[in-house]
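Chemist: Please see the structure below; I have some questions.
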Amino acid sequence: MAAGWVTVLQMVPWGEVIKNAPKVADGAVKLWNSVSKKKVYDENGSEVTDVLVATDIAAVEQLEHRLYAAEQTISDLQAQVVQSAEVIKELASQNTQLVAQIESNRKAVTVLGVALALAILAGSVQAVILFSA
């Protein structure tokens with residue numbers, strides 16, 4: 191049973207997997223860095239926090255700052271979605287290659303199984319013929 195898995199693993203195009211691994215890792219690092227918690231800053235470079243309404247003018251200015259920060263966050267999220275899509279695309283490509291190789295291996299094992307069964311049958315028939323004579 192273990193020999194079957196060893197054979198399957200030997201047939202995997204590890205060169206392709208290894209070649210693509212840095213791309214996937216870089217994409218994952220970029221995604222992690224962009225998703226990790228960031229402080230939100232307004233256009234003046236001040237950290238955006240909860241609004242304390244003191245006057246109507248102050249409330250409007252705070253809302254404008256929060257709106258700007260929300261727009262920046264949305265822009266960052268859009269970039270993260272693109273990066274996530276790239277990582278998913280790379281992983282899907284590698285998965286497709288692995289599945290194709292596994293299917294090829296399955297067919298090869300089936301052919302080898304049939305050939306082995308025929309060889310055993312032929313050997314048995316030959317043994318019966320030799321020993322019956």
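Counting from 1, position 103 in the sequence shown corresponds to residue 293 in our numbering; the numbering is continuous, with no gaps. Even for Gly, the Cβ is constructed at its ideal location relative to N, Cα and C. These numbers were taken from a predicted model, which means no experiment stands behind them.
Grouping DSSP H, G and I as helix and E and B as strand, with all else coil, what is N210?
Modeler: Of the three classes helix, strand and coil, the one that applies to N210 here is helix, per DSSP.
Chemist: Please name the residue, chosen from V315, A317, S294 and S283, that lies closest to V207 on a Cα-to-Cα basis.
Modeler: Closest option to V207, Cα to Cα, is S283.
Chemist: For V202, which three-state DSSP category applies?
Modeler: Three-state result, V202: coil.
Chemist: Roughly how many angstroms lie between the CA atoms of T263 and S274, to the nearest whole one?
Modeler: Approximately 16 Å between the Cα atoms of the pair.
Chemist: Which residues bound the alpha helix (DSSP H) around N295?
Modeler: Element bounds for N295: D246 to S322.
Chemist: Find out if the Cβ-Cβ distance for the pair V202, L302 is shorter than 8 Å.
Modeler: Not in contact: V202 and L302 (Cβ atoms no closer than 8 Å).
Chemist: Measure the beta-carbon distance from E280 to K220 and round it to whole angstroms, keeping in mind my assumption that it falls under 8 Å.
Modeler: No, E280 and K220 are not in contact; Cβ-Cβ is about 12 Å, not under 8 Å.
Chemist: Please report how far the alpha carbon of T197 lies from the alpha carbon of L320, in whole angstroms.
Modeler: T197 and L320: Cα-Cα distance of roughly 36 Å.
Chemist: Looking at A218 and V277, is the spacing between their C-beta atoms short of 8 Å?
Modeler: Yes, these two residues count as a Cβ contact at 8 Å.
Chemist: Note down the Cα distance separating G194 from T300, rounded to an integer number of angstroms.
Modeler: Distance between the alpha carbons of G194 and T300 is about 12 Å.
Chemist: Whole angstroms are fine: how far does the CA of H255 sit from the CA of T286?
Modeler: When rounded, the distance between both Cα atoms is 46 Å.
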